[in-house]
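Peer 1: First the structure, which I've put down as structure tokens, then a few questions once you've had a look.
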Amino acid sequence: MEKHILSKTSYIKGLQCSKALFLYRHYPQLRDPIPPERQAQFTRGIDVGILARELFPGGIDSTVGLSRKYEQAVEKTRDLIEGGTDVIYEAAFRFNGVLIFVDILARSGNGWHAVEVKSSLRLSPVHVNDAALQYYVLKGAGLEITNFSLAHINSAYRREGDVQLNKLFNLVSVLEEIEQKEKQIALNVGEMKTMLEGSQVPARDIGDHCFSPYSCDFIGQCWKPLPEHNIFELTGLSRSDAFLLYSSGIQSITDIVNEDSLNEMARAQLRSLREMKPLVDKAKLDKFFSGLKFPLLFMDIETFMPAIPKYEGTKPFQHLPFQYSIHAVEQEGAEAVHISFIAEPGNDPRKEFAESILRDTEGTGSIIVYDSNLERSMLFAMKNLFPEYGDAFLDRISRLTDLMQPFMERAYHHPAMKGSVSLKNVLPALVPGMSYTQLKIANGSQAMAAYEQLHDQQDLFTLAEMKEGLFEYGRLDTLAMVHIMDVLRKAKE
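Residue 34 in the numbering used here sits at position 34 of the sequence shown; the count goes up by one each step and never skips.
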């Protein structure tokens with residue numbers, strides 16, 4: 001049996017960038033490490049795909065043991081079809097060097113209905129191209145396809161009782177659309193195979209395609225030649241404008257001659273970089289600090305977003321708060337005291353979360369958060385969900401102060417921030433030696449994925465380890481704000 005050269009993944013990668021496809025095929029060791037949050041997306045996709053099988057129940061999985069037993073999977077699929085099986089899951093086919101696995105293949109009259117499941121709220125052109133490649137292979141393998149549907153999650157679905165799959169999923173037929181792409185698919189496959197048979201890495205410079213439709217796996221490799229403090233780190237400059245500068249020969253921020261075209265934030269970053277020292281606007285810092293009131297409560301909230309609603313009345317991908325961390329500073333110079341809450345996995349965490357966070361934020365002092373959008377929206381959500389606590393949550397919302405504000409207004413800018421006001425960039429710049437890199441859970445996406453995994457975790461040791469990781473991440477998030485505030489306070493003196 002002919003060895004496959006392309007898969008759905010590699011084909012989509014080839015549409016995005018021929019160089020990325022070549023490296024993926026011949027130099028996979030150069031790929032950037034897969035971040036845990038992307039791995040969590042893969043896992044979510046698998047879980048959603050398995051659940052969607054119940055739309056076509058009673059099928060047989062064509063997977064054979066280990067995932068790389070491709071030949072056996074293709075043979076098993078053929079045997080299942082010849083044996084009269086009506087529904088096949090992960091049906092494997094190979095044609096013209098392209099290997100595909102169809103999520104669901106169901107008999108329909110004298111032909112077959114193919115279904116590809118997407119764990120997203122809406123369909124994209126990438127999904128259609130994915131389906132078009134599968135249709136090309138299915139037809140090439142001799143199957144009569146009477147319908148091809150993309151199944152995606154219904155954004156309007158709200159759980160009431162048990163999950164109703166016929167309401168949770170939208171099935172959208174794309175047969176007419178992908179039929180029109182068949183000739184182009186054949187051309188694309190031929191070009192990609194010819195390119196992969198060569199020995200030279202395709203000459204493709206960096207560009208917008210590095211991020212569209214997906215962030216490339218080889219950014220670390222292809223962007224390595226860029227200098228430190230390159231123009232892509234210039235705040236307020238769109239990526240397309242940055243590429244215009246790049247194409248004109250300007251790579252470093254300090255190479256920019258005409259500052260008049262830059263906004264205030266970008267000019268501040270450029271001045272700070274040229275002087276290689278922090279840029280401080282004491283008047284702006286004074287104004288920020290004048291609005292604070294002790295005791296200061298440095299607070300961070302974490303949420304998770306299950307694709308399949310877990311609790312009554314919730315929607316797909318709805319933000320559900322499960323954790324908060326608070327560092328309380330009673331008065332200037334006092335030691336920060338840590339308070340933590342992590343909901344036990346299983347039951348709906350929102351009532352327990354709401355009552356606990358209200359207890360821990362009683363008083364009149366400022367509640368300091370970093371990038372207030374999430375915290376503000378979660379407090380409003382709790383207010384609406386639990387009207388008996390409405391006034392209390394309005395009080396907490398009125399006391400919010402955003403620590404990101406001084407950085408957004410360039411009251412303080414450090415060259416090491418590289419134009420970013422993200423807490424993950426600000427912290428190591430202002431407090432060297434203190435960062436998230438040593439944590440097992442190092443960002444909100446990882447925290448979200450970890451908490452979802454807790455629901456299915458049976459091993460007590462792993463369970464305790466994951467909870468400890470969540471605790472340490474939350475603790476560092478709010479402790480980081482305490483230290484950043486200290487740096488800003490000293491800077492204004």
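Where is the CB? At the ideal position from N, CA and C, for every residue including glycine. All values derive from a computational prediction rather than experimental measurement.
Determine contact between the region 206-213 and the region 238-255, defined as no fewer than three beta-carbon pairs at a distance below 8 Å.
Peer 2: The region 206-213, when compared against the region 238-255, does touch it at the 8 Å Cβ threshold.
Peer 1: Considering only residues of the region 21-80, which uninterrupted alpha helix (DSSP H) runs meet the minimum length of 4 residues and lie entirely inside it, listed in chain order?
Peer 2: Correct list: 36-52.
Peer 1: Roughly how far, in whole angstroms, is the beta-carbon of S62 from the beta-carbon of A91, given that I think they are within contact range, below 8 Å?
Peer 2: That pair is a contact at about 5 Å.
Peer 1: Using the C-alpha atoms, what's the distance from L15 back to L285?
Peer 2: Distance between the alpha carbons of L285 and L15: 49 Å.
Peer 1: May I ask you to report which of helix, strand or coil DSSP gives D162?
Peer 2: In this structure, D162 counts as coil in the three-state DSSP scheme.
Peer 1: Quick test of your reading: I339 and A328, contact by CB under 8 Å. State the CB separation rounded to the nearest angstrom.
Peer 2: With a Cβ gap of about 6 Å, I339 and A328 count as contacting.
Peer 1: Could you give the residue range of the alpha helix (DSSP H) that holds H127?
Peer 2: It spans 125-140 - the alpha helix (DSSP H) in which H127 sits, taken as one unbroken run.
Peer 1: Report the rounded CA-to-CA distance for V137 versus F101, giving the unit in angstroms.
Peer 2: If I take the Cα positions, the gap works out to 10 Å.
Peer 1: Can you confirm whether the region 438-455 touches the region 405-422 when touching is taken to mean that 3 or more C-beta pairs between the two stretches lie within less than 8 Å?
Peer 2: The region 405-422 is not in contact with the region 438-455.
Peer 1: Which of helix, strand or coil does DSSP assign to S108?
Peer 2: Of the three classes helix, strand and coil, the one that applies to S108 here is strand, per DSSP.
Peer 1: Relative to the C-alpha of L55, which residue among P36, E71, I88, F393 is closest?
Peer 2: Closest option to L55, Cα to Cα, is I88.
Peer 1: Using a 10 Å radius around the Cβ and a threshold of 16 neighbouring Cβ atoms, would you call A203 buried or exposed?
Peer 2: It is exposed - the Cβ of A203 has fewer than 16 other Cβ atoms within 10 Å.
Peer 1: If you drop the 5 nearest sequence neighbours on each side, which residues of the same chain put their C-beta closer than 6 Å to that of P213?
Peer 2: Cβ within range, chain order: V126.
Peer 1: Excluding the 5 residues flanking S18 on each side, which residues of the same chain have their C-beta closer than 7 Å to its C-beta?
Peer 2: So the qualifying residues of the chain are M195, P202, R204.
Peer 1: What's the gap between the Cα of K418 and the Cα of T437?
Peer 2: If I take the Cα positions, the gap works out to 17 Å.
Peer 1: For P316 and I153, which I take to be in contact (beta-carbon distance under 8 Å), what is that distance rounded to the nearest angstrom?
Peer 2: Correct: roughly 5 Å between the Cβ atoms.
Peer 1: Tell me the rounded alpha-carbon separation between H113 and R53.
Peer 2: Answer to the nearest angstrom: the Cα atoms are 13 Å apart.
Peer 1: Taking the C-alpha atoms as reference points, what is the distance between H229 and S252?
Peer 2: H229 and S252: Cα-Cα distance of roughly 6 Å.
Peer 1: Can you tell me which residues form a DSSP beta bridge with F101?
Peer 2: Partner(s): A92.
Peer 1: Compare the Cα-Cα distances from S294 to each of L358, I301, E332, L262 and report the closest residue.
Peer 2: Per the sequence presented here, residue 294 reads as Phe, with Ser not at that position. Residue E332 is the option with its Cα nearest to F294.
Peer 1: Taking the C-alpha atoms as reference points, what is the distance between L23 and E233?
Peer 2: C-alpha separation (whole angstroms): 26 Å.
Peer 1: Taking its Cβ as the centre, do 16 or more other Cβ atoms sit within 10 Å of M265, making it buried, or is it exposed?
Peer 2: It counts as buried.
Peer 1: What would DSSP say about V174, mapped onto helix, strand or coil?
Peer 2: Three-state DSSP puts V174 in coil, outside helix and strand.
Peer 1: Taking all protein chains shown into account, decide if S10 is buried (16 or more other Cβ within 10 angstroms of its Cβ) or exposed.
Peer 2: S10 comes out buried.
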